[in-house]
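Engineer: Questions regarding the structure given below will be posed in turn.
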Amino acid sequence: MAQYSRIEVFNTMNETGLVPLFYHSDVDLAKNILKACYNGGARLMEFTARGDFAFEVFSELNKYAIKELPGMVLGVGSVTDAAAASLYMQMGANFIVTPSFREDIAIACNRRKVMWSPGCGSLKEINTAEELGCEVVKLFPGATYGAGFVKAIKGPQPWTNVMPTGGVTTEEDNLTAWFNAGVTCVGIGSKLISKDVIANKDYKGLEATVKQTIAVIKKLKKK
Numbered sequence: 004m005a006q007y008s009r010i011e012v013f014n015t016m017n018e019t020g021l022v023p024l025f026y027h028s029d030v031d032l033a034k035n036i037l038k039a040c041y042n043g044g045a046r047l048m049e050f051t052a053r054g055d056f057a058f059e060v061f062s063e064l065n066k067y068a069i070k071e072l073p074g075m076v077l078g079v080g081s082v083t084d085a086a087a088a089s090l091y092m093q094m095g096a097n098f099i100v101t102p103s104f105r106e107d108i109a110i111a112c113n114r115r116k117v118m119w120s121p122g123c124g125s126l127k128e129i130n131t132a133e134e135l136g137c138e139v140v141k142l143f144p145g146a147t148y149g150a151g152f153v154k155a156i157k158g159p160q161p162w163t164n165v166m167p168t169g170g171v172t173t174e175e176d177n178l179t180a181w182f183n184a185g186v187t188c189v190g191i192g193s194k195l196i197s198k199d200v201i202a203n204k205d206y207k208g209l210e211a212t213v214k215q216t217i218a219v220i221k222k223l224k225k226k
């Protein structure tokens with residue numbers, strides 16, 4: 004069962020502005036990555052469940068977060084059907100992120116009042132998702148659409164909350180473009196938790212990068 008309500012998850016997304024994206028099959032390594040992000044100030048993580056037996060890793064990771072990292076909101080991404088969404092919600096996923104818009108996942112998550120964020124690539128998809136109760140739409144792949152797309156849709160729909168993923172980096176110029184366009188938060192994967200960080204187990208370096216990224220985002224949100 005989710006530890007945080009959909010409203011609490013949204014508020015955390017809005018306040019911190021950053022959702023790190025990460026997957027690894029090694030549970031201990033994943034715990035260290037999660038802790039480094041937590042120590043850097045991140046209060047959400049999307050576990051991108053893309054590998055075999057990913058649910059086993061997530062189960063251990065979420066137990067660890069609940070016990071050792073108070074206030075850490077762990078969710079699951081790359082979810083492609085309602086059955087998978089239900090499985091992860093049984094394991095305590097606090098939010099579900101999908102690469103594309105799927106009504107079956109919306110229904111499953113709404114039934115349990117768990118926040119869900121579908122990948123959308125058109126105004127029609129965004130509107131349909133919002134009609135089904137979506138609070139934050141995922142713009143994916145973000146690099147394909149760009150900050151200009153967000154700015155354009157925020158004109159007629161200022162109530163729409165957008166989280167771009169794919170093409171978002173930790174560089175200030177990149178973050179400035181997205182937040183000036185009106186995004187609510189950004190999802191960052193390999194540009195934050197790089198292969199080098201993982202290979203070198205540079206957890207302190209990751210912690211510092213997360214802290215710096217959140218500081219930039221907070222400054223941009225105050226503008």
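For what it's worth, our numbering labels the leading residue of the sequence shown as 4, then goes sequentially. Each residue gets a CB set at the ideal place from its N, CA and C atoms; glycine is no exception. Quick caveat: nothing in here was measured; it's all calculated off a predicted structure.
1) Could you give the distance in angstroms between the alpha-carbon of Leu-79 and the alpha-carbon of Ile-217?
2) Where do the N-terminal and C-terminal ends of the beta strand (DSSP E) with Gly-190 fall, by residue?
3) Would you mind sorting Arg-114 into buried or exposed? The rule is 16 or more other CB atoms within 10 Å of its CB.
4) Could you tell me which of Leu-72, Ala-52, Ser-8 sits nearest to Asn-35, measuring between CA atoms?
5) Considering only their Cβ atoms, is the gap separating Arg-46 from Val-76 smaller than 8 Å?
6) Which residues bound the alpha helix (DSSP H) around Ile-110?
7) What distance in whole Å lies between the Cβ atoms of Val-189 and Val-200, which are believed to be in contact at a cut-off of 8 Å?
8) Taking only runs that begin and end inside the region 51 to 129, name each unbroken beta strand (DSSP E) of 3 or more residues, in chain order.
9) Can you tell me which residues form a DSSP beta bridge with Met-48?
10) Measure from the alpha carbon of Tyr-26 to the alpha carbon of each residue in Lys-221, Glu-210, Lys-198, Val-213, then state which is nearest.
11) Should Met-92 and Val-117 be called a contact, given that it needs their Cβ atoms to be closer than 8 Å?
Structural biologist: Reading off the structure:
1) Per the sequence presented here, residue 79 reads as Val, with Leu not at that position. Spanning the two alpha carbons is a distance of roughly 21 Å.
2) 189 to 191
3) exposed
4) Leu-72
5) yes
6) 106 to 114
7) With a Cβ gap of about 18 Å, Val-200 and Val-189 do not count as contacting.
8) 76 to 80, 98 to 101, 118 to 123
9) Leu-77
10) Lys-198
11) yes
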